[in-house]
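Trainee:
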Amino acid sequence: MRARLAGLRLAAAVLLAVLAACGGGAPGDAANPAAASLPTSRGDVWMIDPASPPDAQVLAFLNGVHRFVLKDEEIYTATTRLDTAKVDGALSSAKLAGDLQLRIEAQGAQPILVFSSGPRGPLRKYEAPEAKR
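Residue numbers for the sequence shown follow numbering that gives the first Met the number 0, beginning at 0 and rising by one.
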């Protein structure tokens, strides 16, 4: 029993040492270039319209852009600023996982989220639900 307890303590100590050695960097530092600090001023919160085609909604959800902050040309999902990818005619654009890219285009006054793989869907400003009383 003592040997087993000693083994568990050793395993816990090793696990803590590994976690301490692997603890990531602060947002926006050289160790984690994909992360960014929060924007210094507010941007607009956008979401993909629930009436969008299902393939566009699924891609947006899987890539975390079903709801995002757009500040100037920068796109933030939570505290991550997406890498920009300049595309002519786009209001904003970004690189996603793999070779996937997104761009925001204006179709008249309606902004449209367009994925490089083809799916597209209209965007609308996010309205937070009213607080329950």
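Cβ atoms here follow ideal geometry from the backbone N, Cα and C, with glycine treated the same way. From a predicted model like this one, the values you see are computed outputs, not experimental measurements.
To the nearest angstrom, report how far apart ARG78 and GLY63 are at their CA atoms.
Mentor: Arg is not the amino acid found at residue 78; the sequence shown has Thr there. Approximately 11 Å, taken between the alpha carbons.
Trainee: Hey, how far is the Cα of LEU69 from the Cα of LEU112?
Mentor: 12 Å
Trainee: Using DSSP's beta-bridge definition, name the partner residues of ALA84.
Mentor: Looking at the DSSP assignment, ALA84 forms no beta bridge with any residue, so it has no partner.
Trainee: Assuming the contact rule is C-beta atoms closer than 8 Å, GLY88 and GLU73 should be a hit. Round their C-beta distance to whole Å, please.
Mentor: 18 Å between Cβ atoms; not a contact.
Trainee: Name the DSSP bridge partner or partners of LYS124?
Mentor: TRP45
Trainee: Check for me: the alpha helix (DSSP H) holding LEU101 runs from which residue to which?
Mentor: Note, LEU101: premise wrong, no alpha helix (DSSP H); beta strand (DSSP E) at 100-106.
Trainee: How far does the beta strand (DSSP E) with VAL113 in it reach, from first residue to last?
Mentor: 109-114
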